[in-house]
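Heads up: the structure comes next, in structure tokens.
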Amino acid sequence: MESLPSEQSAAVRRIVAQHRERPGPLLEVLHAIQTSFGYVPEGAVPVVAEELNLSRAEVHGVVTFYHFFRHTRPGAHTVSLCQAESCQSMGAKALAEHARKRLGIEFHQTTADGRYSLEPIYCLGNCACSPAAMIDGRLYGRVTPEAFDALIAQRSPAA
Amino acid sequence: MSTTVYVPGDAGALSVGAGEVAAAIAAEAKRRGIDLNLVRNGSRGAYWLEPLVEVQTERGRCAYGPVRATDVPALFAADFLETGSHPLSLGPTDSIPWLRSQQRLTFERVGIIDPASVADYVKHGGYQGLERALQLSGAEIVQAVTASGLRGRGGAAFPTGIKWKTVLEQSTAQKYVTCNADEGDSGTFSDRMLMEGDPFSLIEGMTIAGVAVGATQGYIYLRAEYPHAHAALKTAIAAAYQSKYLGADVAGSGRRFDLEVRLGAGAYICGEETSMLESLEGKRGEVRVRPPLPAIKGLFGCPTIVNNVVTLTSVPWILAHGAEAYANFGMGKSRGTLPIQLAGNIRRAGLVERAFGLTLRELLYDIGGGTASGRPIRAVQIGGPLGAFVPPAHFETAVDYEALAAVGAMLGHGGIVVFDDTVDMAQMARYAMEFCAIESCGKCTPCRIGSTRGVEVIDRILAGIDGERNVRLLEELCETMVQGSLCGLGGMAPFPVQSALKHFREDFRARV
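From first to last, the protein sequence lines are chains Z and P.
Residue numbering for the first sequence follows our numbering, beginning at 1 and increasing consecutively.
Residue numbering for the second sequence follows our numbering, beginning at 1001 and increasing consecutively.
Structural data, given as structure tokens:
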């Protein structure tokens, strides 16, 4: 396992220090690390474990339990497509197929140029406007393949 | 005097362009030198009309929708601020039949008020429930909740008053009130709408719960997929502290109640109450063995109320209007109202709050208008990914906990997902098992292993390998999961599979 460069591990220690006094702080700490780094680097695990007086196994177990925590650096834009039943009833599978082709990647992958990560998500609570997608925290509803292309075009560098 | 215009800031409305519409209205008003008071309200729940713009007039609020940003100049040209005629005009909002037919108690303020304003909340009847509660003893508050007949709206439908009574009876110094806002079921969004559109009602409901059982700390466990609700709750909690409705001296009563939002991290299982408590403690969301019940040994080992958002936001209304007024709605053992969510392939999708007892047919056709695609409805799934598929033959069933159970379905959190006749029910059954495999916490074997084997068996059936034998095997596997799983995930994931096998057997033919 690669250990974190010292300035990054200092940043992790500062994050832990901000949350240490709260009851049950580990999830809060991991959220803060992901907000700051874009993902939870493997090298952050022993630092968090030491600071919170937990075993590395305990921290690793929590990081890997939750789908929301990323283990790799995300692309510049994270595209999440809802794959749950309501969106399926309105064409989510076809939309996902279209998105894979448009971006040239599968779910859980990042494009080679580092611009897009594609993720499945199980319900965005926008089931009255299915199919739904979320791009960089912005929610979109009634997403047709054409609308999807327009959303990607908005975020692509001018050709 | 400036005219007040409402454009929802609700995530669902934003997802179809409400943000752009609000910006266009502000820009056009500025260009024309018109002084506007633009309020970002919650959604009325008529998502088929979103973005729904409302103008405050002498006749009350008048609605326009669905409005696109490009419609805005024409709306101004048609003098929509003075209710001039325009093709998008829907007339007075309250006279839109889809809304007028509803009985909104829990949702009475959602879409009406400014969700960031304590003053607006109080002006619309907010904090009357807490005021009443502060005049009562803990036991009297619990008695009111019990008498209202309120049952947990998260899905389990356990009587809320009984849960509260158990916590009240514990003599521990530290107790907690937790709100399960991990609304993960596909087809549901009532919690999200409440948190975004009327967050103070949740804060008030939790405060009343704290006062009732003697808990001084509350946690809202919110799913990470809801960033808009997170922002709305943080704003509202800060405002409630500012106005002294939270903190050391709640509403001048000398009672303390503190409240904090904690984020989940994309695990469906954390909607199960004991898993949620583990997650709140910062651990893997693995289900606990019960007993002990959370009401006796819950968060950090202390007596804890765990209630869903809709349950807690129903409490202020019950306290303010009386238990009997609430219990007068509904049928049988299902008292009060239920916010039903019409979702998926349905023409008029959105939130419908009505007393229990409406039939599925009334909901799907009279209110929902049939499918969005215009094709026949083939099945609906009620109660999320663990809910059974219901065929049209059962559409005369009333929406009521017991009536649905009688036809092998369950109401759950009140979400109804509609599928037209293009749906492949064998694939839906496979998806149910696959979802369970992805989301299983791994603690018990029937769920952890059974779901993966379930996917494999369905694949073999569809591949034409030993079809009949494998269907029997699948039925046996479902039975094992139902009987042997530790919690509802493994215990109910077979329901969609079993119902698909029962009602749509023809879809389980081998395909080459």
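Even glycine gets a Cβ: it sits at the ideal position worked out from N, Cα and C.
Contact between V1110 (chain P) and D1198 (chain P) holds, with the beta-carbon distance rounding to 5 Å and staying under 8 Å. For A1267 (chain P), the closest alpha carbon among the candidates P:S1089, P:L1038, P:A1181, P:A1405 is that of P:A1181.
With a threshold of 9 Å between beta carbons, I1449 (chain P) makes no contact with chain Z. The residue among P:L1501, P:I1346, P:T1304, P:A1029 with its C-alpha nearest the C-alpha of T1371 (chain P) is P:I1346. Cβ-Cβ distances below 8 Å link R1061 (chain P) to Y1006, E1054, V1055, P1092, T1093, D1094 in the same chain, with the five nearest sequence neighbours on each side left out; the list follows chain order. Contact residues of the segment 52 to 67 of chain Z toward chain P are G61, V62, F65, Y66, H67 (C-beta to C-beta distance below 7 Å). When P:S1451, P:S1243, P:S1279 are compared, the shortest CA-CA separation from E58 (chain Z) is found for P:S1279. If you look at Q1381 (chain P), you'll find it in the beta strand (DSSP E) that goes 1377 to 1382. Taking 9 Å as the cut-off, the beta carbon of R1430 (chain P) is found closer than this to the beta carbon of L1462 (chain P).
Boundaries of the alpha helix (DSSP H) around E1468 (chain P): 1467 to 1484. About 19 Å separates the Cβ atoms of P1115 (chain P) and A1023 (chain P), ruling out a contact at the 8 Å cut-off. Measuring C-alpha to C-alpha distances from Q88 (chain Z) to each of P:F1107, P:Q1381, P:I1367 identifies P:Q1381 as the nearest. Residue contact with chain P for P23 (chain Z): present (Cβ-Cβ distance below 9 Å to some residue of chain P). By DSSP's assignment, M134 (chain Z) forms a beta bridge with Z:S80, Z:L139. Taking all protein chains in view, the Cβ of G1412 (chain P) is crowded by 16 or more other Cβ atoms within 10 Å, so the residue is classified as buried. Under the Cβ criterion (8 Å, minimum of three pairs), the segment 1131 to 1148 of chain P does not count as touching the segment 1171 to 1181 of chain P. Around the beta carbon of N53 (chain Z), a 10 Å sphere encloses fewer than 16 other beta carbons of the protein chains shown; the residue is thus reported as exposed.
Counting the other Cβ atoms within 10 Å of the Cβ of D1079 (chain P) gives fewer than 16, which makes it exposed.
For R1284 (chain P), the nearest beta carbon of chain Z is closer than 9 Å to its own beta carbon. Under the DSSP assignment, D1094 (chain P) falls outside any beta strand (DSSP E); it carries neither an H nor an E label. Under the DSSP definition of a beta bridge, C1179 (chain P) partners with P:I1220, P:N1307. Beta-carbon to beta-carbon, R1460 (chain P) and V1310 (chain P) are separated by about 41 Å, too far to satisfy the 8 Å threshold. When only Cα atoms are considered, F1495 (chain P) and G1336 (chain P) end up about 27 Å apart. In the pairwise beta carbon analysis, the segment 1271 to 1286 of chain P is classified as touching the segment 19 to 31 of chain Z: at least three pairs are separated by under 8 Å.
Taking the Cα of K1443 (chain P) as reference, the smallest distance to any Cα among P:G1488, P:M1410, P:D1421, P:R1256 is reached at P:G1488. The alpha helix (DSSP H) runs of length 4 or more contained entirely in the segment 1312 to 1371 of chain P are, from start to end of the chain, 1323 to 1327. At a cut-off of 9 Å between C-beta atoms, G125 (chain Z) counts as an interface residue with respect to chain P. In summary, the residues of the segment 75 to 93 of chain Z whose CB is separated from some CB of chain P by less than 7 Å are A84, E85, S86, S89, M90, in the order they occur in the chain. Fewer than three pairs of CB atoms, one per stretch, sit closer than 8 Å, so the segment 74 to 85 of chain Z makes no contact with the segment 1297 to 1309 of chain P. Looking only at P:G1384, P:P1392, P:G1383, the smallest Cα-Cα distance to Y1365 (chain P) is reached by P:P1392.
The DSSP-derived three-state label of C87 (chain Z) is helix. For Y140 (chain Z), the residues of chain P that pass the 7 Å Cβ criterion are S1015, in the order they occur in the chain. Of all residues in the segment 1481 to 1494 of chain P, none is placed with a Cβ closer than 8 Å to any Cβ belonging to chain Z. Closest in alpha carbon position to P1446 (chain P), among P:G1408, P:Q1170, P:A1493, is P:A1493. Take the alpha-carbon of G61 (chain Z) and the one of S1485 (chain P): they are about 22 Å apart. Judged by their CB atoms, L1263 (chain P) and E28 (chain Z) are nearer to each other than the 9 Å cut-off.
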